[in-house]
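Asker:
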Amino acid sequence: MFRDTVSALCHTVVEERCLAGIGSAAPEANSVVQFVLAQHARMPDFLRAPVVVLTLMFDLQCILKHGAPFRRLDCDQRIQHVRDWRLSRLGFRRDFVRLYESLAVLGWHSMKERCQ
Amino acid sequence: MAFDEGALSVSGHKGRHAVDSGFRTEVLVIGSGPGGAITAAYLAEAGRSVLLVEEGPNLALESCEPFSLDEMVQKYRNGGLTPALGRAKVAYVEGRCVGGGSEINSGLYHRTPAEVLARWGSEFQLQAASSAEMEAHFQAGERDVSVSYLPGPAPAASLKLHEGAVKLGWKSMEVPRWFRHEVAADGTAAPRGVRQSMTKTFVPRALAAGARLLASTRVLRLRRDGGGWLATGERADGVRVEIRAEHVFVCGGAVQTPALLRRSGITENIGNSLQLHPTVKIAAGFGEEVNSREMGVPVHQVKQFSPRLSFGCSISSAPFLALGLIDHPSRVEAAAHWRRMAIYYAMITPEGRGTVRTLPGFRDPLVRYRLTDTDLRNLADGVRKLGEALLAAEATILFPAFGGAPVIRRQDELQRLPNVLPAARSNLMTIHLFSSCPMGENRRVCAADSFGRVFGQPNLYIADGSLLCTAPGVNPQGSIMAFARRNVLKFLGKS
Ligand SMILES: Cc1cc2nc3c(=O)[nH]c(=O)nc-3n(C[C@H](O)[C@H](O)[C@H](O)COP(=O)(O)OP(=O)(O)OC[C@H]3O[C@@H](n4cnc5c(N)ncnc54)[C@H](O)[C@@H]3O)c2cc1C
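Residue numbers (my numbering), protein chains in the order written: chain P, 3 to 118; chain A, 660 to 1154.
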């Protein structure tokens, strides 16, 4: 569930922040997902579990609003959910989105640069 | 130069819980960054038996592109995901490889400013460290790592900041680097060359003089053992290691040194006064191209408001630029124009302090850092002044990198920036950490004496950035190198 949510989140960030609706994210976005998961495994050990818990919260919170977890939503609904957390009054939600956005954006542009 | 890692490998296959207790040395140096590498080289050249232990892998400087994702993965601690927690989080970066931070840094060199040394003398009772007394150590370091100015023009983005500052009548300068320059082939490209990191200088020097290197091995704890020390550690393959040494130099850097000492039960003034240089960034767009894949390291710094504020240009590759625009989600297209853009930073010398603590059951230390209101005001002032210089250099658009920041196009729009950086949306980072175990004779605040000897612990020394009494307000490696040389020569009775 964690991996699927990270995957859905990375694809959403790439779609919104890197492609802006132009072109298709796969298959490069899959490499971004691998990079983000590997970075999660490298982060300080005391942060890993809290990040997993937050990721699951992020996923499951959508059930209340949309009737399905984040990973099952369509692209527009996912983008909206990410925006809600990005603009949230709660700092931990903003930090959560920033973490994944930073990793996915850095990963995407680095991979693109490498391909060129 | 082939490294000596294999020479000390455990003979025969050992299981995951195998213990290799065969190491004995006169001096154990833990950590091979600038502090550790210099200490090991001088000790070995003086004929001491030295074992240099490094947690990270032994990789050539050329093992990856500088400032790339590969470098983050190979050489940064925790892949670069290390936050100092507090009301404003500060993302920090440390090297974790043979050579430590020197393998991943920009190589910008400063001596410790005279007024900073004077303050350390009066507040921390640091002895024998006036500018005059440090002169020989600065000179030796500059010679050993070839500190030099660019032989040709600086990168365009670096010159832009300089241009803007000069127009405003502000002090701006090219900062020299530890770098061996090669002459440009045809005069069109920036001169290439080799950064004089520790794996290019002091690590090979130490090995040539007989020091042994044990890479991919983390020291976990230190324990008194008769008159000397027993260090227990773990290799990357899980084999436990025991090392007996008469003298130990802890050189793990400003976060890992206090973490190791505290884990070993040594806590007096250890890890209570971490300092750093928080920076906030601006991505700036220009009417012409200022960036290219070959841009290299920008070298200009604006010192008009130093030590309170310093400005410079950051590494501005397309991936870093995209990252710099993360607080402007509606500007996705801007990153496509990266050749006309560069990232700049405003750095403060803060009042704030932090702590390093170990957490039971976890490997990684908890780093906390508290910015004061003055620090947040200075950061906001830094953004505004940096914006002023960039607009004076004819930047056409500025994207300050903090949450909710306005996009700026004209000088009058700088008024829209806040007077205090919003702590919770500040997006700060740093690559400069120090002062977690300050040196000096003031026992109230110092962890070690004026030459790095840990108070109350015979034959135990610190030799890295942790010793710097306060934030120096300039890039710190020059200070770390000079103090490492000074202190090891004192140990050798040669000062
Ligand atoms: C991206 C970046 C750019 C920078 N640019 C500049 C610049 O231009 N100019 C400048 O002056 N400074 C710069 N710096 C800062 C500079 O690199 C550091 O101040 C310097 O490297 C600190 O030296 P140190 O010896 O204190 O520790 P480090 O360089 O951090 O070395 C400590 C070493 O000890 C190892 N270690 C830690 N704990 C253990 C343990 N328990 N067992 C075994 N090994 C251990 C670590 O893995 C590490 O390799 C930069 C830093 C970064 C990250």
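We treat Cβ as the ideally placed atom computed from N, Cα and C, and that holds for glycine.
Under 7 Å: does the beta carbon of residue 752/A sit that close to some heavy atom of ligand 1?
Answerer: On the second sequence, residue 752/A is found 93 positions in, with the first residue counted as 1. Under cutoff, so the answer is yes.
Asker: Quick one: Cα of residue 896/A to Cα of residue 969/A, how far?
Answerer: Mapped onto the second sequence, residue 896/A falls at position 237. Mapped onto the second sequence, residue 969/A falls at position 310. Going from the Cα of residue 896/A to the Cα of residue 969/A covers about 43 Å.
Asker: Considering only residues of the region 1035-1105 of chain A, which uninterrupted alpha helix (DSSP H) runs meet the minimum length of 4 residues and lie entirely inside it, listed in chain order?
Answerer: List check, alpha helix (DSSP H) in window: nothing returned.
Asker: Can you name, in chain order, every residue of its own chain whose Cβ lies under 7 Å from the Cβ of residue 808/A, other than the five neighbours on each side?
Answerer: Within the second sequence, the letter at position 149 stands for residue 808/A. These residues qualify, in order along the chain: 833 and 835.
Asker: For residue 1068/A, count the other beta carbons within 10 Å of its own beta carbon; 16 or more makes it buried, fewer makes it exposed. Which is it?
Answerer: Working through the second sequence from its first residue, we reach residue 1068/A at position 409. When all chains shown are included, residue 1068/A counts as exposed.
Asker: Would you check if there are 3 or more beta carbon pairs closer than 8 Å linking the region 1099-1111 of chain A to the region 1068-1080 of chain A?
Answerer: Segments in contact, no.
Asker: Just to make sure I have the definition right: I need the residues of chain P whose C-beta is within less than 7 Å of the C-beta of residue 1023/A. Which are they?
Answerer: On the second sequence, position 364 is the one that residue 1023/A refers to. Chain P residues near residue 1023/A: 46, 47 and 48.
Asker: Residue 65/P to residue 58/P, Cα distance in whole Å?
Answerer: The count along the first sequence starts at 1 and reaches residue 65/P at position 63. The count along the first sequence starts at 1 and reaches residue 58/P at position 56. Cα-Cα distance, rounded: 12 Å.
Asker: Would residue 737/A pass as an interface residue toward chain P - the criterion being a Cβ-Cβ separation below 8 Å?
Answerer: Locating residue 737/A in the second sequence gives position 78, where the first residue counts as 1. Output row for residue 737/A: interface = yes.
Asker: Say whether the region 892-906 of chain A touches the region 736-743 of chain A, bearing in mind that this needs 3 or more beta-carbon pairs closer than 8 Å, one atom from each stretch.
Answerer: In short, these stretches do not touch, since the Cβ pair count stays below three.
Asker: Measuring only the C-alpha atoms, how far is residue 87/P from residue 962/A?
Answerer: Start at 1 with the first residue of the first sequence, and residue 87/P comes out as number 85. Start at 1 with the first residue of the second sequence, and residue 962/A comes out as number 303. Taking the straight line joining both Cα atoms gives about 39 Å.
Asker: Name the chain A residues that come within less than 7 Å of residue 41/P, Cβ to Cβ?
Answerer: Locating residue 41/P in the first sequence gives position 39, counting from the first residue. Going along chain A in sequence order, the residues near residue 41/P (Cβ under 7 Å) are 738 and 740.
Asker: What residues in the region 793-826 of chain A have a beta carbon less than 9 Å from any beta carbon of chain D?
Answerer: The chain labelled as chain D is not found among the protein chains of the depicted structure, namely P and A.
Asker: Return yes when the C-beta of residue 915/A is under 7 Å from any heavy atom of ligand 1, and no when it is not.
Answerer: By one-based count along the second sequence, residue 915/A stands at place 256. Because some heavy atom of ligand 1 lies under 7 Å away, the Cβ of residue 915/A counts as near it: yes.
Asker: Roughly how many angstroms lie between the CA atoms of residue 745/A and residue 1119/A, to the nearest whole one?
Answerer: Numbered from its first residue, the second sequence carries residue 745/A at position 86. Numbered from its first residue, the second sequence carries residue 1119/A at position 460. Distance between the alpha carbons of residue 745/A and residue 1119/A is about 32 Å.
Asker: Can you confirm whether residue 107/P, when its beta carbon is compared against all beta carbons of chain A, has any partner nearer than 8 Å?
Answerer: Counting from 1 along the first sequence, the entry for residue 107/P is found at position 105. At least one chain A Cβ lies under 8 Å of residue 107/P.
Asker: Contact criterion: CB-CB distance below 8 Å. Does residue 69/P meet it with respect to chain A?
Answerer: Position 67 of the first sequence, counting from 1, holds the residue named residue 69/P. For residue 69/P, the answer is no, since every Cβ of chain A falls outside 8 Å of its Cβ.
Asker: Would you say the region 1011-1021 of chain A touches the region 1047-1056 of chain A, given that touching needs at least three Cβ pairs under 8 Å?
Answerer: As far as the Cβ criterion goes, the region 1011-1021 of chain A does not touch the region 1047-1056 of chain A, which means the pair count is below three.
Asker: Are the CB atoms of residue 1002/A and residue 979/A within a distance shorter than 8 Å?
Answerer: Here residue 979/A corresponds to residue number 320 of the second sequence, with the count starting at 1. Here residue 1002/A corresponds to residue number 343 of the second sequence, with the count starting at 1. For residue 979/A and residue 1002/A, yes; Cβs fall inside 8 Å.
Asker: Report yes or no: is there a C-beta of chain A within less than 8 Å of the C-beta of residue 90/P?
Answerer: Within the first sequence, residue 90/P is the residue found at index 88, counting from 1. No, no contact with chain A.
Asker: Listing by chain order, which chain A residues have their CB less than 7 Å from the CB of residue 9/P?
Answerer: Your numbering for residue 9/P matches position 7 in the first sequence. None at all; the shortest Cβ gap to chain A is about 19 Å.
Asker: Checking 8 Å against the spacing of the C-beta atoms, do residue 712/A and residue 698/A come in under that value?
Answerer: Mapped onto the second sequence, residue 712/A falls at position 53. Mapped onto the second sequence, residue 698/A falls at position 39. No, the pair does not count as a contact, with Cβ atoms beyond the cut-off.
Asker: May I have the straight-line CA-CA distance separating residue 931/A from residue 916/A, to the nearest angstrom?
Answerer: By one-based count along the second sequence, residue 931/A stands at place 272. By one-based count along the second sequence, residue 916/A stands at place 257. Roughly 12 Å between the two C-alpha positions.
Asker: Given the structure, does residue 1123/A come close to ligand 1, in the sense that its CB is under 7 Å from one of the ligand's heavy atoms?
Answerer: Translated into the one-based positions of the second sequence, residue 1123/A becomes position 464. For ligand 1, at least one heavy atom lies less than 7 Å from the Cβ of residue 1123/A.
Asker: If you drop the 5 nearest sequence neighbours on each side, which residues of the same chain put their C-beta closer than 6 Å to that of residue 677/A?
Answerer: Locating residue 677/A in the second sequence gives position 18, where the first residue counts as 1. Hits under 6 Å: 898.
Asker: Under 8 Å between beta-carbons, which chain A residues line up against residue 112/P? List them in chain order, please.
Answerer: For this step, residue 112/P is matched to residue 110 along the first sequence. What residue 112/P touches in chain A: 727, 728 and 978.
Asker: Taking all protein chains shown into account, do 16 or more other C-beta atoms lie within 10 angstroms of the C-beta of residue 1041/A, making it buried, or fewer, making it exposed?
Answerer: On the second sequence, residue 1041/A is found 382 positions in, with the first residue counted as 1. Answer is buried; the Cβ neighbour count reaches 16.
Asker: Going straight from the alpha carbon of residue 765/A to that of residue 814/A, what length do you get?
Answerer: Residue 765/A sits at position 106 when you count from the first residue of the second sequence. Residue 814/A sits at position 155 when you count from the first residue of the second sequence. Their Cα atoms are separated by approximately 14 Å.
Asker: In chain order, what residues of the same chain have a beta carbon less than 7 Å from the beta carbon of residue 608/A, not counting five sequence neighbours either side?
Answerer: Any property of residue 608/A remains undetermined from this structure, which presents chain A solely from 660 to 1154.
Asker: For a contact meaning CB atoms closer than 9 Å, what does residue 988/A contact in chain P?
Answerer: If you number the second sequence from 1, residue 988/A lands on position 329. Neighbours of residue 988/A on chain P, chain order: 18, 19, 85, 88 and 103.
Asker: Below 9 Å between beta carbons is the criterion; list the residues of the region 1049-1072 of chain A that meet it against any residue of chain P, in chain order.
Answerer: Answer in chain order: 1062.
Asker: Would you call the CB atoms of residue 691/A and residue 853/A closer than 8 Å?
Answerer: Sequence index remark: in the second sequence, residue 691/A carries index 32 (1-based). Sequence index remark: in the second sequence, residue 853/A carries index 194 (1-based). No, the Cβ-Cβ distance between residue 691/A and residue 853/A is not below 8 Å.
Asker: Alpha carbon to alpha carbon, what distance is there between residue 770/A and residue 792/A?
Answerer: Looking up residue 792/A in the second sequence gives position 133. Looking up residue 770/A in the second sequence gives position 111. Between residue 792/A and residue 770/A, the C-alpha separation is close to 13 Å.
Asker: Whole angstroms are fine: how far does the CA of residue 1066/A sit from the CA of residue 779/A?
Answerer: Counted from its first residue, the second sequence places residue 779/A at position 120. Counted from its first residue, the second sequence places residue 1066/A at position 407. Residue 779/A and residue 1066/A: Cα-Cα distance of roughly 41 Å.
Asker: Check the Cβ of residue 96/P against every Cβ in chain A and list those closer than 8 Å, keeping chain order.
Answerer: Here residue 96/P refers to the residue found at position 94 when the first sequence is read from its first residue. Simply 1062, 1083 and 1084.
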